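Everything in the sequence shown is counted per my numbering, starting at 1 for the first residue and increasing by one. Beneath this line is the structure, given in structure tokens, with notes to follow.
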Amino acid sequence: MSSTIHRMLAGSILGLWLVSGGATSTILARANVPQDTALPKSDATSTESILVRRDLSVTTPVVVTDIGPNGIVMQSGALVPWFDVLVAENWQKISGTESVPVPSAEILEYQQTFGQPWFLVRNRLARGETLDVERMLQELVDRGKERVPVPACVLAAQQLLARQMADRGDVAAAWVTWLIARKNDGANSAVGGPTDIEATWLAVYLDRYNQPADSLVHLPMSIPFPSSWSDAEQQQLLELSDRPAAALCLVAASLNAGNSPDKKSLQEVVQRSYAQANNTQRALLGSCLNTIDTIESWRANPEFLATDQVRFGYLEVERQWTSLSNPAIESVNPERSPAPVDVELERQKLVWQLRLEGLFLNAHSNPQVAEAGQLRLLLLEHWGFKTQARARTDK
Numbered sequence: 001m002s003s004t005i006h007r008m009l010a011g012s013i014l015g016l017w018l019v020s021g022g023a024t025s026t027i028l029a030r031a032n033v034p035q036d037t038a039l040p041k042s043d044a045t046s047t048e049s050i051l052v053r054r055d056l057s058v059t060t061p062v063v064v065t066d067i068g069p070n071g072i073v074m075q076s077g078a079l080v081p082w083f084d085v086l087v088a089e090n091w092q093k094i095s096g097t098e099s100v101p102v103p104s105a106e107i108l109e110y111q112q113t114f115g116q117p118w119f120l121v122r123n124r125l126a127r128g129e130t131l132d133v134e135r136m137l138q139e140l141v142d143r144g145k146e147r148v149p150v151p152a153c154v155l156a157a158q159q160l161l162a163r164q165m166a167d168r169g170d171v172a173a174a175w176v177t178w179l180i181a182r183k184n185d186g187a188n189s190a191v192g193g194p195t196d197i198e199a200t201w202l203a204v205y206l207d208r209y210n211q212p213a214d215s216l217v218h219l220p221m222s223i224p225f226p227s228s229w230s231d232a233e234q235q236q237l238l239e240l241s242d243r244p245a246a247a248l249c250l251v252a253a254s255l256n257a258g259n260s261p262d263k264k265s266l267q268e269v270v271q272r273s274y275a276q277a278n279n280t281q282r283a284l285l286g287s288c289l290n291t292i293d294t295i296e297s298w299r300a301n302p303e304f305l306a307t308d309q310v311r312f313g314y315l316e317v318e319r320q321w322t323s324l325s326n327p328a329i330e331s332v333n334p335e336r337s338p339a340p341v342d343v344e345l346e347r348q349k350l351v352w353q354l355r356l357e358g359l360f361l362n363a364h365s366n367p368q369v370a371e372a373g374q375l376r377l378l379l380l381e382h383w384g385f386k387t388q389a390r391a392r393t394d395k
């Protein structure tokens with residue numbers, strides 16, 4: 001490493017610890033920087049390109065093939081997110097067969113708009129702190145939501161924002177936020193964005209966080225399903241319901257409202273999302289239409305709700321769930337071998353059957369009928385699909 005780079009790195013480290021004296025970095029230094037984002041100084045007179053990352057590793061020369069809100073793609077193919085950039089000087093970008101300088105103002109904008117907030121969020125969550133985390137995540141979402149395609153770092157911020165909302169008890173708003181993130185991700189694919197690269201960037205930004213989603217409609221696994229939705233949230237679901245996930249949530253919210261819409265209205269909600277659904281999602285939606293038929297028959301015969309067939313019908317669903325965990329025994333005759341079963345699809349069918357039935361029955365005024373709904377929701381919780389314990393009282 002040349003003496004100039006040694007000098008630059010020494011200046012950067014000195015600035016990181018002392019935050020005083022020396023030439024101000026043209027990229028990162030800001031007035032009134034929070035204590036947990038103290039920024040280094042560097043030798044701004046050098047013309048050598050350099051990248052110093054948060055672990056103080058140094059890359060030089062710095063030649064990038066792509067630069068944007070998520071971070072940079074190095075000539076080697078390595079991804080460097082903005083939250084990991086400590087010092088940046090004199091970068092070059094490949095343009096055709098030539099290298100052109102990356103404007104310092106462009107780097108500064110990305111670092112201040114996306115890098116510093118993400119560094120703060122990750123630092124504080126790693127320490128178990130939540131001070132201003134939700135606010136910063138919301139600001140990240142607001143800064144990037146008008147970009148097309150929506151950057152992966154913004155999609156990640158929306159998912160983490162949903163988690164923060166759920167942790168403070170605003171579960172329905174958390175699900176709406178998650179659904180908006182999923183719709184934005186789908187919109188990226190529709191405009192022909194670099195979906196593979198964006199998916200990789202999303203993994204980079206969520207690498208510390210457990211944000212699992214089901215593989216069919218991509219709804220959150222770690223956030224309880226809402227026990228109630230406000231009118232405004234149901235309106236948001238309606239606006240998002242051209243996609244399967246939001247359509248399913250809107251049907252569930254409607255059935256739990258006590259005075260839920262009729263069969264035709266619920267069917268229209270489900271069918272509206274068919275155009276955006278793949279074949280597997282359509283199979284799930286079709287199963288939910290069957291459940292809507294069942295619920296409509298219950299409403300047409302109120303006395304049937306108190307029968308054992310309704311009260312304990314979840315036991316048959318539990319049996320089906322258990323059978324899916326046992327591998328099918330192949331027939332000795334290949335011609336009679338059973339068709340392969342999409343286990344995840346069949347499980348999701350059972351999940352949504354219990355969820356829709358449970359929420360509908362739970363909203364009934366008859367305590368015996370409501371108990372039948374609660375038993376279904378308890379079985380879902382046993383499977384790992386929890387419903388919010390109680391309705392919110394702040395709306």
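Just so it is clear, CB atoms sit at the ideal spot from N, CA and C, and this is done for glycine as well. As the structure is a computational prediction, the values presented were derived from the model and not from experiment.
C-beta contact flag for residue i and residue j at 8 Å
i	j	result
Ala126	Asn256	no
Ala75	Ile50	Note on identity: in this sequence residue 75 is Gln, with Ala being the wrong assignment. Not closer than 8 Å, so no.
Pro226	Gln388	yes
Gly186	Arg243	yes
Leu137	Leu202	no
Gly373	Leu350	no
Trp321	Arg347	yes
Leu240	Leu284	no
Val176	Glu89	no
Trp91	Val58	no
Tyr314	Leu379	yes
Residue closest to residue i, alpha-carbon to alpha-carbon, out of the options
i	options	result
Val270	Ser260, Ala277, Ala247, Asn290	Ala247
Phe83	Ile72, Glu98, Thr307	Ile72
Ile180	Asp167, Val85, Arg282, Ala162	Ala162
Pro69	Trp91, Val87, Thr60, Val141	Val141
Arg355	Cys288, Pro367, Trp321	Cys288
Leu56	Ala166, Val64, Val85	Val85
Ser230	Ser254, Asn210, Leu216	Ser254
Glu371	Thr307, Arg135, Asp66, Leu240	Thr307
Pro340	Phe360, Phe312, Leu350, Leu324	Leu324
Thr113	Arg143, Ala232, Val62	Arg143
Ser99	Val87, Val62, Val176	Val62
Ala199	Asp214, Asp167, Trp91, Val150	Val150
Asn218	Cys249, Asp293, Ile295, Val204	Residue identity differs from the one stated: residue 218 is His in this sequence, not Asn. Measuring from the Cα of His218, the nearest candidate turns out to be Cys249.
Glu344	Ile295, Phe312, Ala213	Ala213
Ser365	Leu305, Leu379, Leu380	Leu305
Val121	Ala172, Arg282, Asp262, Gln158	Gln158
Arg54	Asn123, Tyr110, Val251, Arg376	Asn123
Thr294	Lys263, Ala166, Asn278	Lys263
Leu361	Phe312, Asp207, His382	Phe312
Val317	Ser104, Phe119, Trp383, Asn278	Trp383
Residue i classed as buried or exposed, judged by whether at least 16 other C-beta atoms fall within 10 angstroms
i	result
Thr47	exposed
Glu106	exposed
Ala78	exposed
Ser260	buried
Gln368	exposed
Leu28	With a pLDDT of 40 at Leu28, under the threshold of 50, the modelled position of this residue cannot be trusted, and the question is left open.
Asn184	buried
Gly128	exposed
Gln35	With a pLDDT of 42 at Gln35, under the threshold of 50, the modelled position of that residue is not reliable, and the figure given next carries that caveat. Answer is exposed; the Cβ neighbour count stays below 16.
Gln309	exposed
Ser297	exposed
Leu237	buried
Ala396	The structure shown has nothing for residue 396, since the chain only spans 1 to 395.
Ser273	buried
Asp357	Per the sequence presented here, residue 357 reads as Glu, with Asp not at that position. The residue is buried, with at least 16 neighbouring Cβ atoms inside 10 Å.
Phe385	buried
Asp43	Below a pLDDT of 50, predicted positions are generally treated as unreliable, and Asp43, at 43, falls in that range; the measurement from the model is reported next regardless. Buried, since its Cβ has 16 or more Cβ neighbours within 10 Å.
Arg168	exposed
Gly115	buried
Arg376	buried
Residue(s) in a DSSP beta bridge with residue i
i	result
Asp66	Val73
Ala213	Pro220
Glu89	Ile50
Pro81	Gly71
Val58	Val52
Thr387	Phe225
Glu98	Ser95
CB-CB length for residue i against residue j, believed under 8 Å
i	j	result
Thr280	Asp342	7 Å
Trp178	Pro117	Between Pro117 and Trp178 the Cβ distance is about 20 Å, and since that is not below 8 Å, they are no contact.
Gln211	Ser228	At roughly 24 Å, the Cβ-Cβ gap does not stay under 8 Å, so Gln211 and Ser228 are not in contact.
Tyr209	Leu131	Going by Cβ atoms, the distance from Tyr209 to Leu131 rounds to 18 Å, so no, they are not a contact pair.
Val102	Val52	Actually they do not touch by this definition, with Cβ atoms about 16 Å apart.
Glu134	Gln164	4 Å
Ala245	Arg182	6 Å
Pro302	Tyr205	Their Cβ separation, rounded to whole angstroms, is 51 Å, which puts Pro302 and Tyr205 out of contact at 8 Å.
Pro224	Val148	Actually they do not touch by this definition, with Cβ atoms about 32 Å apart.
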